[in-house]
Structure formats: structure tokens, C-alpha cells
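Chains as they are written, first to last, in the numbering used here: chain A, -2 to 110; chain B, 3 to 110. The beta carbon of each residue, even a glycine, is placed where N, CA and C say it ideally should be.
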């Protein structure tokens, strides 16, 4: 079946602009996660959606970052007033429920110039 | 202290040899454990789940020690294609914690 998809695959933006990154999880997966990974670094947790529960936003680095998940499926991560330190690969993952393995999308490589 | 800690390596392994490495975690209430593999500039991919009794998948063996709060991965008969970064992942009530990864380099 189809895996997790993300778009765009690459995004180059100017400092100060807003960007939106999209994630389509695997159909039927109730949980969705956003991470970011800077070059040569580990994964940094950003936000976690589980079903209809309030999202866990504890990993968002600043109030410039926000995410929503519509209809329990597609999610959008928005970064306002981008900064150069926002440059990273943004990864989305989903799993069917708590305790199960996550499946990752291919990521969006964001470059802020 | 990080919640999940791994030796970053690199572990340089001759082809055909065995390599093993551990990962420690701090949350004793953690429920599920996984090993993922990440190739350069690619997304992490599930290698295997780790069960309490230990489990094997081909050349890969994973062990869990809840008392000492660590998991291990052993790779037998290493192949060049095993070169990658191996991520230890611990799930605590839906919140996944990733280790920074252990780099393995298999040499001819």
C-alpha cells in the first residue's frame, strides 16, 4: 500500500517568508508525528497528533512553528518568518496506534537563504 | 541527560564479521522498543521491533534488558550494505524518543 508522503520534497525560501509543509500519513493510521533533522544530527521531535486528542506540541521550538491535522488525516506544518536556523529536513511519520512502529515519509528539505 | 543514549561510533567492521552495540534509556515506564536504520540523506526505516524475550530476524538479533534499561543489536556476517546509522527508538505512551544513532561502516 501507499506509504507516508510529504510535499514538497525540497523548498528554498528567503529569510522572513512563511512556509507550509504537507504530510499525508498512511491510511488508517491514527497517530502522526513531525520531526526535524539538521545535517549530521539526530531527530528532533516537534509535534504529535493522536486521534482526536489535543496534540502534544512540547517539541515546537518557538511560536513561529505551528501544525494542524485536518479530518484526522493530512497534516500541515507551518513555519512563519523563517530563519536560517530553520534549515533542516522535516520528517513526518505515522503509526496505527500507540505501541506500534512508525513509518516515515521521505522528508522535506527546507533551505532558508 | 538524554532519554536515549547511543555510542555514536563509527564501528568499523570487516565484511563477514559480527558487530554489536547497545542503547540505554532512562524512562523505566517505556513500553515499546525498536531499531531503525538510516542511510545518508534518507528517512529512517524500521529494522526490527524489540521484544522482551529477544528476537532475531535473519542476521540481526535484538535484546531487551528492562532491569538495566538497555537494548542491544547484533549483526552477524556483516555485509557492505549494512553500512548505515542505526537508531535506537523507545516509545513511552506514544511519545517516541530517538537516540542520536550508531554509525556502522562495513569494509571489504
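Cutting at 6 angstroms between CB atoms, please list the residues of its own chain near residue i, excluding the five before and the five after it.
i	result
residue 52 of chain A	44 and 46
residue 99 of chain B	5, 6 and 92
residue 142 of chain A	With chain A running from -2 to 110 in the structure shown, residue 142 of chain A is simply not present.
residue 35 of chain A	85
residue 63 of chain B	76
Hey, does residue i have any beta-carbon neighbour from chain B nearer than 7 angstroms?
i	result
residue 3 of chain A	no
residue 18 of chain A	no
residue 25 of chain A	no
residue 0 of chain A	no
residue 39 of chain A	yes
residue 96 of chain A	yes
Excluding sequence positions up to five away, which residues of its chain have a Cβ less than 7 angstroms from the Cβ of residue i?
i	result
residue 84 of chain A	107, 108 and 109
residue 110 of chain B	17 and 82
residue 132 of chain B	The question about residue 132 of chain B has no answer here: the residues shown for chain B are numbered 3 through 110.
residue 103 of chain A	3 and 6
At least one CB of chain A closer than 7 angstroms to the CB of residue i: is that the case?
i	result
residue 62 of chain B	no
residue 46 of chain B	yes
residue 105 of chain B	no
residue 56 of chain B	no
residue 100 of chain B	yes
residue 34 of chain B	yes
Could you tell me which of the options sits nearest to residue i, measuring between CA atoms?
i	options	result
residue 3 of chain B	B/10, B/29 and B/22	B/29
residue 86 of chain B	B/5, B/13 and B/79	B/13
residue 22 of chain A	A/86, A/90 and A/65	A/90
residue 73 of chain B	B/40, B/49, B/26 and B/105	B/26
residue 31 of chain B	B/76, B/71, B/77 and B/45	B/71
residue 1 of chain B	B/65, B/77 and B/51	In the structure as shown, chain B starts at 3 and stops at 110, and residue 1 of chain B therefore has no counterpart that could be examined.
residue 7 of chain A	B/109, B/43 and B/90	B/43
residue -1 of chain A	A/25, A/95, A/73 and A/17	A/25
residue 48 of chain B	B/106, B/108, B/89 and B/104	B/89
residue 32 of chain A	A/94, A/57, A/96 and A/17	A/57
residue 102 of chain B	B/15, B/96 and B/39	B/39
residue 68 of chain A	A/81, A/54, A/40 and A/29	A/29
* Give the residues from the stretch 43 to 55 of chain A that approach chain B closer than 8 angstroms (Cβ to any Cβ), ordered along the chain. => Listed in sequence order: 45, 47 and 53.
* Going along the stretch 9 to 28 of chain B in order, which residues come within less than 9 angstroms of chain A, judged by CB to CB distance? -> Along the stretch 9 to 28 of chain B, there is no position whose C-beta sits under 9 angstroms from a C-beta of chain A.
* Hey, which unbroken runs of the alpha helix (DSSP H) at 4 residues or more fall wholly within the stretch 44 to 105 of chain B? -> Note on the stretch 44 to 105 of chain B: there is no whole alpha helix (DSSP H) run with a minimum of 4 residues.
* Please list the residues of the stretch 98 to 110 of chain A that have a C-beta atom closer than 8 angstroms to any C-beta atom in chain B, keeping them in chain order. => Cβ contacts with chain B come from 98, 99, 100, 101, 102, 103 and 104.
* Jot down the residue ranges of each uninterrupted alpha helix (DSSP H) in the stretch 6 to 42 of chain B, minimum 4 residues, whole runs only, in chain order. => Here no run is fully enclosed.
* Asked: Between the stretch 59 to 91 of chain A and chain B, which residues of the former have a C-beta closer than 7 angstroms to a C-beta of the latter?
  -> Of all residues in the stretch 59 to 91 of chain A, 88 have a Cβ within less than 7 angstroms of some Cβ in chain B.
* To do: Report the residues of the stretch 68 to 100 of chain B with a CB closer than 7 angstroms to any CB of chain A, ordered along the chain.
  => From the stretch 68 to 100 of chain B, only 93, 95, 96, 97, 98 and 100 have a Cβ closer than 7 angstroms to chain A.
* Ranges of the beta strand (DSSP E) found wholly within the stretch 43 to 68 of chain A, counting only runs of at least 3 -> The beta strand (DSSP E) runs lying completely inside the stretch 43 to 68 of chain A and spanning 3 residues or more are 62 to 66, given in chain order.
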